[in-house]
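Quick mapping for you: the protein sequence lines, in order, are chains A and B. Here my numbering is used: the first residue of the first sequence is 17, the next is one more, and so on. Here my numbering is used: the first residue of the second sequence is 175, the next is one more, and so on. Heads up, the beta-carbon is just placed ideally off N, CA and C, and yes, glycines get one too. Down below is the structure, laid out as structure tokens.
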Amino acid sequence: MRKRKIMRNIALSAGIFILAVVFGVLFQKLEVQEHITTVFVFAVFLIALLTDGYVYGVVATFAGMLAINYAFTYPFFILNFIDPANLISAIIMVTVAILTGTLTTKVKRQDAIKMETEKERMRANLLRAVSHDLRTPLTTIYSASSTLRENRRTLTPEQQDAVLKSIQEDAEWLMRMVENLLSITRIDSGRIKIIKTPTVLDELIDSVMNKFRNRYPGQKVRLELPEEIVVIPMDTILMEQVIINILENAVFHAAGMTTLSLKVSTQGKQAVFEIADDGCGINEERIRHILNGSYDDQEERADSRKGNAGIGLSVCATIVKAHGGSISARNRKEGGAVFRFTLDKEDAMDDE
Amino acid sequence: MTNNKYKILLVEDDANICTVVATMLESSDYQVILAQTCALAKTLFASYQPDVVILDLGLPDMDGMQFLKFVRQDSLTPIIILSARSNERDKVTALDMGANDYVTKPFSSAELLARVRVALRNYRHSAEEGKFPGGRFKCRDMLIDYDARQVFIGGQEIKLTQTEYNIVALLSEHCGKMMTYSAIVKGVWGYSTEGSTKKLQVNMANIRKKFGARPGETWYITNELGVGYRMNGEEEE
């Protein structure tokens, strides 16, 4: 990573410098030598601007100075440090390099700080939304269980069952929420890149469908998968979460849905996942907002249960992007919504 | 006090989970022995000789793995691990050290009870009858003829390659046990190289196709992503 950065900087500097030399030669041919220094000053400025730190700019300055001194000013092909013109151009170039270097470093650092604050703000938003959302199911579980313990004798079996059911449902809700939070920490912790293992698509879908069916036994999902064996490098736990979240989102929010389908196809080097429903559709603007990662709890407050959808989908977006893929959602002409995300698949199999 | 209930040793330090799991098991007519620490678990294991052990990996005094090692020194008693999500590596280590299966927290009672039943049945199976009688393995519609190296479903032969057959046969010999990728690779190829897990997965994908299994539908083999495969016994859904 670092090595590559240094290589990039060196290549960039060398490229710009060679270009400056070419222009220098050209100017000399055209007999406008007085502008050659300007060309080198500009080159030094560009190098300082486009590379990291001061080093490259300063090195380019000295190289430029030598080049001008040696090749482009009288006496030609002799180093001459006494000529005041040479000295002045040298001083100008060094100043430009250092100033530009300082400025760009400052701007870059500020950008990083800004991004960090933005991330921090998002995390704080999420945390606030989540802890708010956690209170509701916890209240249910707490009060329902104490009701059961204290008033068991006066409750009819039906009432007891209803109370127990609410405990179970809210515990399930909490489980889902915690899974999502764990996913976020799995990505965020130490900004370590996610660890990808090659995974056979069929097995991923198999595992996802087993989990989904356990949670929503009544909900059928129509599957459409490619015939060939597709291998995708991924963090399987996170990717399972993405598909389950999107399916779940349909179960909760696609009112009037009759069919839910999951289709995976391959396009070139990518696997394309499409999860479509024929429910009431989505507010494209809001979903785009969520998928862009600007998770904001403002709109969610009206109904705390909806908050889960926002968190679930923003987790999806985070995970897919961390895998280097893209995610989008839109309404279908024939009604309902379709979520689509892409992942890079592994090249053709090399065994057997 | 003697009875002929199956004895289950539950090694878990969280009091609430203990209560709930113990109640769950007792209501299904198992006798439950509780141990909160690894040291106590060792003593109780020796004196009660339980039929199944349910083990939480995060114990206060010693790592659960220690207890696992202790049991596996001289006993084949099935061990079911309780583990938290997201640490596949722990699961894989535990399985490779001889655990039979694992259940991820949070789990439902049905899930845990199913695993206990499977563990008990397979233990009985291997303990009482040795290898499968008549060189055959039967599971619902599937029949494996070990002598002829053939696999049938509903009387119809499934044409498998040598490798594919070896995988299916290996899983059937350890029916009900979750087998890690590395354990299967070692059993089938004898050695493991870098790409061997992928090789196994690709073979498995082909087996799945030949069996006509659709993703999400239960068939004979369960896949646990990042961990391994298990051939299911008769009862499990």
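*Does the count of Cβ pairs from the segment 321-341 of chain B and the segment 234-252 of chain B closer than 8 Å reach three?*
no
_beta-carbon Glu338(B) near the ligand ADP non-hydrogen atom, thresh 8 Å_ = The ligand ADP is not among the ligands present in this structure, which contains no ligands whatsoever.
_Looking at the secondary structure, which residues open and close the beta strand (DSSP E) in which Phe289(A) lies?_
286-293
*Rounded to a whole number of angstroms, what is the C-alpha to C-alpha distance between Glu368(B) and Ala293(B)?*
32 Å
_Opposing strand residues paired with Asn397(B) [DSSP bridges]_ = Tyr403(B)
*9 Å Cβ cutoff, Lys372(B) in contact with chain A*: yes
_Short of 9 Å Cβ to Cβ, which residues in the segment 222-234 of chain A face chain E?_
Structure shown: chain E not included; protein chains present are A and B.
_Using the three-state DSSP reduction, which class does Met273(A) fall into: helix, strand or coil?_
coil
*Establish whether the CB of Pro187(A) and some CB of chain B are separated by less than 9 Å.*
Reading off the sequence, residue 187(A) comes out as Ala, not Pro. Chain B contact via Cβ: present.
_According to DSSP, is Arg317(A) part of a helix, a strand, or is it coil?_
With a pLDDT of 44 at Arg317(A), under the threshold of 50, the modelled position of this residue cannot be trusted; read the value that follows with caution. Arg317(A) falls in the helix class under three-state DSSP.
_Below 8 Å on the Cβ atoms is my contact criterion, and I expect Ile63(A) with Ile107(A) to pass it. Report the Cβ-Cβ distance as a whole number of Å._
Wrong, their Cβ atoms sit about 18 Å apart, outside the cutoff.
*asked:* Tell me the DSSP secondary structure of Ala353(A) in three-state form.
replied: strand
*For Ile26(A), count neighbouring Cβ atoms within 10 angstroms of its own Cβ and tell me buried if that reaches 16, exposed if not.*
exposed
*Which same chain residues, not among the five before or five after Ser342(A), have their C-beta less than 6 Å away from its C-beta?*
Thr358
*Helix, strand or coil at Ser249(B) according to DSSP, with G and I counted as helix*: coil
*Shorter than 9 Å from the beta carbon of Met378(B) to some beta carbon of chain A?*
yes
*Using the Cα positions of Lys279(B) and Ser281(A), report the straight-line distance between them to the nearest angstrom.*
33 Å
*Does DSSP put Asn274(B) in a helix, a strand or coil?*
coil
*Consult DSSP for Leu184(B) and reduce its assignment to one of helix, strand or coil.*
strand
*What whole-angstrom Cβ distance do Ala187(A) and Ile211(A) have, given they're in contact under 8 Å?*
Incorrect: roughly 30 Å between the Cβ atoms, too far for contact.
*Would the beta-carbon of Leu269(B) fall within 9 Å of that of Met378(B)?*
no
*Compare the C-beta of Met23(A) against all C-beta atoms of chain B and say whether one is closer than 9 Å.*
no
*Report the residue from Phe228(A), Ile114(A), Gly40(A), Leu217(A) whose alpha carbon sits nearest the alpha carbon of Ala83(A).*
Gly40(A)
_Is Glu219(A) close to chain B? Criterion is C-beta to C-beta, closer than 9 Å._
yes
*Under 9 Å, do Val258(A) and Ile335(A) count as touching if we go by C-beta distance?*
yes
*Could you tell me which of Val224(A), Ile200(A), Leu239(A) sits nearest to Lys337(A), measuring between CA atoms?*
Ile200(A)
*If you run the structure through DSSP and keep just helix, strand and coil, what is Lys227(A)?*
helix
*Step through the CB atoms of chain A and report whether any lies within less than 9 Å of the CB of Pro234(B).*
no
*Contact residues within the segment 233-251 of chain A, judged by C-beta distance below 8 Å to chain B*: Val237, Leu239, Leu241, Ile245, Val247
_Contact list for the segment 332-355 of chain B against chain A, Cβ threshold 7 Å_ = none
_C-alpha gap between Ala273(B) and Tyr222(B), whole angstroms_ = 19 Å
*asked:* With a threshold of 9 Å between beta carbons, is Asn397(B) in contact with chain A?
replied: yes
*Report yes if the C-beta distance between Met271(B) and Ser346(B) is below 9 Å; otherwise report no.*
no
*Using Cβ-Cβ distances below 8 Å, what residues of the segment 217-249 of chain B are close to chain A?*
none
*Since Glu381(B) is in the alpha helix (DSSP H), which residue starts that stretch and which ends it?*
The displayed chain sequence assigns Ile, not Glu, to residue 381(B). Where Ile381(B) is concerned, the enclosing alpha helix (DSSP H) stretches over 370-385.
*Cβ shell of Met236(B) (< 6 Å), same chain only, five flanking positions each side left out*: Cys212
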